[in-house]
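Numbering (my numbering), first residue to last: 12 to 193.
By construction, the Cβ of each residue, glycine as well, lies at the ideal position given by its N, Cα and C atoms.
Below: one structure, written as structure tokens.
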Amino acid sequence: MTTSEHVVITHPMARRPPVTPVYAYFATPSEVKVVLPPLARLGVPRDFIDVVVTQTAAERMYAGKRRAMRPLWRFASIGGLLGLGGGAIVAFVLIAWPGFAAAGPFSYALLFTPMITVAVGGLIGVIASFLTTRKPSDWRLRIPPPDNHEILVVVRARGDEQVGLVLQVLHEQGGSGAQVLR
Numbered sequence: 012m013t014t015s016e017h018v019v020i021t022h023p024m025a026r027r028p029p030v031t032p033v034y035a036y037f038a039t040p041s042e043v044k045v046v047l048p049p050l051a052r053l054g055v056p057r058d059f060i061d062v063v064v065t066q067t068a069a070e071r072m073y074a075g076k077r078r079a080m081r082p083l084w085r086f087a088s089i090g091g092l093l094g095l096g097g098g099a100i101v102a103f104v105l106i107a108w109p110g111f112a113a114a115g116p117f118s119y120a121l122l123f124t125p126m127i128t129v130a131v132g133g134l135i136g137v138i139a140s141f142l143t144t145r146k147p148s149d150w151r152l153r154i155p156p157p158d159n160h161e162i163l164v165v166v167r168a169r170g171d172e173q174v175g176l177v178l179q180v181l182h183e184q185g186g187s188g189a190q191v192l193r
């Protein structure tokens, strides 16, 4: 094993450059739509681009648009899988309980227990998704929020070269106050 292989194996994040936020303010949604293709050509994934508007600007500019769903399906599927595991354990206990005697009413419980526990687990997962809140990253709290009539575009650039190119694209496309957050 060479030294470079050792570094890659013990430090999997060593090859990924750190992420540096670059942000600018835009006046209209059409300006934001114009800036997205040049950023994509630079190799910035859409997941690394955040578009932030105030509540009043959202009502004025994005009226009638659907909001993004919460991580509902992730929590529901986790709850459903936990419910399935719990239902399997309950079913095994119900099978072992009577031994070699006739199952009687246990047969109905064996039939419906996994279905009911999956549904209950999924429901608990949905409720948990509504009760969870995600704390924003520290760098997100340092960016000044947009005014009532502006849209904030934050690009998480990787590496110094991409930071410079993203900053240049934001300036060229009409972004006001474009700067790097260090």
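Would you identify the three-state DSSP class for residue i, choosing helix, strand or coil?
| i | result |
| --- | --- |
| residue 61 | strand |
| residue 185 | coil |
| residue 191 | strand |
| residue 179 | helix |
| residue 55 | coil |
| residue 31 | strand |
Distance check for residue j and residue i, CA to CA, integer angstroms please.
| i | j | result |
| --- | --- | --- |
| residue 69 | residue 34 | 19 Å |
| residue 174 | residue 157 | 21 Å |
| residue 130 | residue 91 | 6 Å |
| residue 96 | residue 116 | 22 Å |
| residue 50 | residue 165 | 11 Å |
| residue 89 | residue 62 | 29 Å |
| residue 180 | residue 146 | 30 Å |
| residue 37 | residue 67 | 15 Å |
Do residue j and residue i count as a contact pair if the criterion is CB distance below 8 Å?
| i | j | result |
| --- | --- | --- |
| residue 87 | residue 137 | yes |
| residue 142 | residue 32 | no |
| residue 140 | residue 93 | no |
| residue 107 | residue 125 | no |
| residue 98 | residue 144 | no |
| residue 189 | residue 178 | yes |
| residue 30 | residue 167 | yes |
With which residues is residue i paired in a DSSP beta bridge?
| i | result |
| --- | --- |
| residue 162 | 37, 64 |
| residue 145 | Its beta-bridge partners do not exist; DSSP assigns none. |
| residue 85 | None; residue 85 has no bridge partner. |
| residue 168 | 31 |
Would you say the beta carbon of residue i comes nearer than 7 Å to a heavy atom of the ligand FAD?
| i | result |
| --- | --- |
| residue 177 | In the structure on display, the ligand FAD does not appear, and there are no ligands present to speak of. |
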